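Residue 59 is where the sequence shown starts when you use the numbering used here, and the numbers rise one by one after that. Have a look at the structure below, then the notes.
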Amino acid sequence: MATGYNGYVTAERIEGADDGPLAGVTVAVKDNISTEGVRTTCGSAMLEDYVPPFDATVVERLERAGATIPGKTNMDEFGMGTTTETSAFGPVENPAAPGHVPGGSSGGSAAVVAAGDADLALGSDTGGSIRCPAAFCGVVGIKPTYGLVSRYGLVAYANSLEQIGPIAPTVEEAAELLAVIAGPDERDATTRMPPEQGGDGEDGGNGDGGDLEYASAADGDVTGLDIGIPTELVEGADERVTEVFRDAIAGLEDRGASTREVELPSVEYAVESYYVIAMSEASSNLARFDGVRYGQSGGYDGNWNETFAESRRKGFGDEVKRRVLLGTYALSAGYHDKYYAKAQDARAWIQQDFDEALSEADVLASPTMPVPPMELGESLSDPMTMYLADANTTPVNMANLPAISVPAGETDEGLPVGLQFVGPAWGERRIIRAGSALA
Ligand code: GLN
Numbered sequence: 059m060a061t062g063y064n065g066y067v068t069a070e071r072i073e074g075a076d077d078g079p080l081a082g083v084t085v086a087v088k089d090n091i092s093t094e095g096v097r098t099t100c101g102s103a104m105l106e107d108y109v110p111p112f113d114a115t116v117v118e119r120l121e122r123a124g125a126t127i128p129g130k131t132n133m134d135e136f137g138m139g140t141t142t143e144t145s146a147f148g149p150v151e152n153p154a155a156p157g158h159v160p161g162g163s164s165g166g167s168a169a170v171v172a173a174g175d176a177d178l179a180l181g182s183d184t185g186g187s188i189r190c191p192a193a194f195c196g197v198v199g200i201k202p203t204y205g206l207v208s209r210y211g212l213v214a215y216a217n218s219l220e221q222i223g224p225i226a227p228t229v230e231e232a233a234e235l236l237a238v239i240a241g242p243d244e245r246d247a248t249t250r251m252p253p254e255q256g257g258d259g260e261d262g263g264n265g266d267g268g269d270l271e272y273a274s275a276a277d278g279d280v281t282g283l284d285i286g287i288p289t290e291l292v293e294g295a296d297e298r299v300t301e302v303f304r305d306a307i308a309g310l311e312d313r314g315a316s317t318r319e320v321e322l323p324s325v326e327y328a329v330e331s332y333y334v335i336a337m338s339e340a341s342s343n344l345a346r347f348d349g350v351r352y353g354q355s356g357g358y359d360g361n362w363n364e365t366f367a368e369s370r371r372k373g374f375g376d377e378v379k380r381r382v383l384l385g386t387y388a389l390s391a392g393y394h395d396k397y398y399a400k401a402q403d404a405r406a407w408i409q410q411d412f413d414e415a416l417s418e419a420d421v422l423a424s425p426t427m428p429v430p431p432m433e434l435g436e437s438l439s440d441p442m443t444m445y446l447a448d449a450n451t452t453p454v455n456m457a458n459l460p461a462i463s464v465p466a467g468e469t470d471e472g473l474p475v476g477l478q479f480v481g482p483a484w485g486e487r488r489i490i491r492a493g494s495a496l497a
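What follows is the structure, given as structure tokens:
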């Protein structure tokens, strides 16, 4: 299924079981999630011909639930980007805002759902990569609590931050897909049963989360919901965005929710510390792409250093090279304490701030992205501008919390704006209920 907007890298169908909760439903899968026998490129020339010999746990669960996978979706190279313009397979155009980026890094996943070329999709979110494209394409995206969804078979970018999650036209459909992929997996030791849902914390022995259920929370009822609005996440945003955000919040108040201002002073440092941690982890995770273990060969002529360097010169794009270099620098002896250790301190502080804010309110609300979708080609040449667009999404990954982005409306020029709800750890049902009042 070739799409004019370049949503799929590989359009090869994978059929699931004959019946199950997702029978007859198509679920597109981001191209950093392993599919047995179907190439998985991570949007990189390095892995142009890589065909995994196994399925990711989430893919196994999709197949067991009866879903059909229509293809693997385009993405920023190894998940590094906010616009899906760093893909080696070309940029994706936003079907909901032609001429603009779809957001990133799961831009292909959000675009195929927005265009109706898949019913649902999976993305991955390290610092916003599900929520940003959901917001820019006018669809729903959920970044689960760290540890709810197995990362087995997800090609790692920054493993302490990322989770796989659903993208869908409505909150209820996103919740149905979340239930299929969520729950403990013995192949990912960071997964666990949500304490509030499993009762005894057991999964019934089948390793698939037992009876996790989220869709019934999508009842649109926000009566009595106490919404905290962190001033820091609204103040810096583009006026076109805050206008739509304020209207959506007023609508929630009309339906019985109440709002209060809360403070998250530490988020001022979130983008900086996120990028130090993400790049440091990336420099380690991407070391396996050397043309010997994984990736295209550098051709051996007697010097392994040159062979590895040649493989990476050919295989990696500019953004990936920049991050591997910066991450290696941040971790090096002599600089480790100055950058990486400080970023970990900031991470602990951010977690504390969220704990406090969420003790005052049921959920936190902000614009998902501080800006509307950029025009294609507008931001790629200026990495700092691109990084700063992650101001509202990265703090949530630093705090390991669940968040949802739901369509809040459009700017006067017709550009989609997303509203983000953040909940306490394992509070997926709470953010799903809040989000379902809007979509
Ligand atoms: N834009 C962020 C980054 O480039 C987030 C990416 C992601 O969540 N994978 O790191």
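In this text, a Cβ means the ideal position worked out from N, Cα and C, and glycines have one as well. All of these numbers come straight from a predicted model, not from anything done at the bench.
Among the options, nearest to residue i - alpha-carbon criterion
i      : options                        : result
Tyr63  : Phe136, Ile72, Met104, Glu151  : Glu151
Ile222 : Gly162, Thr141, Val116         : Val116
Tyr387 : Pro430, Tyr333, Gly74, Ala367  : Tyr333
Ala233 : Val198, Ser92, Gly148          : Val198
Leu438 : Gly139, Thr126, Ala86          : Gly139
Glu486 : Phe194, Leu212, Leu344, Pro253 : Pro253
Trp407 : Val238, Ala457, Pro156, Ala449 : Ala457
Thr289 : Pro323, Ile307, Glu271, Arg298 : Pro323
Phe147 : Asp177, Glu471, Met104         : Met104
Pro460 : Gly241, Ala447, Gly476, Val480 : Val480
Ala276 : Ala306, Glu230, Ser338, Arg209 : Glu230
Gly476 : Gly360, Ile200, Val96          : Ile200
Trp484 : Pro202, Ala169, Asp175, Phe194 : Pro202
Asp107 : Val67, Ser331, Arg245, Tyr327  : Val67
Asn363 : Asp348, Lys379, Ala295, Arg250 : Asp348
Glu301 : Leu383, Ala340, Ala466         : Ala466
Ile91  : Arg318, Asp77, Tyr398, Met133  : Met133
Ala492 : Val280, Pro430, Pro431, Pro474 : Val280
Ile490 : Val109, Leu473, Val464         : Val464
Ala558 : Arg97, Asp175, Gly309, Ala155  : Residue 558 lies beyond the residue range present for the chain, which begins at 59 and ends at 497; the question has no answer from this structure.
Unbroken beta strand (DSSP E) run spanning residue i, endpoints
i      : result
Thr93  : Neither: Thr93 is in no beta strand (DSSP E) and is coded neither H nor E.
Pro465 : 461-468
Gln221 : 221-226
Gly199 : 198-201
Asp183 : 178-183
Glu319 : 316-320
Ile285 : 284-288
Leu422 : 421-425
Near the ligand GLN: residue i beta-carbon under 7 angstroms from a heavy atom
i      : result
Gly375 : no
Gly139 : yes
Tyr204 : no
Ser424 : no
Thr184 : yes
Tyr63  : no
Pro336 : The question names Pro, yet the displayed sequence has Ala at residue 336. Yes, the ligand GLN has a heavy atom inside 7 angstroms of this Cβ.
Ser163 : yes
Tyr398 : no
Asp546 : Examination of residue 546 is not possible in this model, given that the chain is present from 59 through 497 alone.
Ser187 : yes
Asp440 : no
Asp403 : no
Glu448 : For the record, residue 448 in the displayed sequence is Asp; it is not Glu. Yes, the beta carbon of Asp448 sits closer than 7 angstroms to at least one heavy atom of the ligand GLN.
Tyr66  : no
Tyr215 : yes
Expected contact under 8 angstroms - CB spacing of residue i and residue j to nearest Å
i      : j      : result
Gly314 : Gly286 : Contact doesn't hold; Cβ gap of about 16 angstroms is too wide.
Val320 : Ala419 : 6 angstroms
Lys372 : Gln354 : 6 angstroms
Val170 : Thr131 : 6 angstroms
Ala172 : Pro149 : At roughly 15 angstroms, the Cβ-Cβ gap does not stay under 8 angstroms, so Ala172 and Pro149 are not in contact.
Leu499 : Leu178 : This structure gives no information on residue 499, because the portion of the chain shown stretches from 59 to 497.
Pro430 : Val299 : 6 angstroms
Residue range of the unbroken alpha helix (DSSP H) whose run includes residue i
i      : result
Glu271 : Here Glu271 belongs to no alpha helix (DSSP H), and DSSP marks it neither H nor E.
Phe366 : 362-373
Arg250 : That residue, Arg250, is in no alpha helix (DSSP H); it is neither H nor E in DSSP.
Asp411 : 400-418
Leu383 : 376-389
Below-8 angstroms beta-carbon distance, residue i vs any chain D residue
i     : result
Asp89 : In the structure shown, chain D does not exist; there is a single protein chain.
Three or more C-beta pairs below 8 angstroms linking the segment 117-135 and the segment 64-74:
Touching, yes.
Is the segment 298-315 in contact with the segment 338-355, if contact means three or more CB pairs nearer than 8 angstroms?
Counting Cβ pairs under 8 angstroms, fewer than three are found: no touch.
Touch check for the segment 409-420 and the segment 439-457: three-plus C-beta pairs under 8 angstroms?
Look at the beta carbons and you see the segment 409-420 touching the segment 439-457: at least three pairs across the two are nearer than 8 angstroms.
Is the segment 356-368 touching the segment 428-445, taking contact as three or more C-beta pairs under 8 angstroms?
Contact between the segment 356-368 and the segment 428-445 is absent, because fewer than three Cβ pairs lie under 8 angstroms.
Given 8 angstroms as the limit, is there contact between the segment 185-200 and the segment 157-170, that is, 3 or more CB pairs closer than that?
Three or more pairs of CB atoms, one per stretch, sit closer than 8 angstroms, so the segment 185-200 contacts the segment 157-170.
Below 8 angstroms, can you find three or more Cβ-Cβ pairs linking the segment 239-246 to the segment 203-211?
As far as the Cβ criterion goes, the segment 239-246 touches the segment 203-211, which means the pair count is three or higher.
Contact between the segment 76-84 and the segment 211-219 (3+ Cβ pairs under 8 angstroms):
Segments in contact, no.
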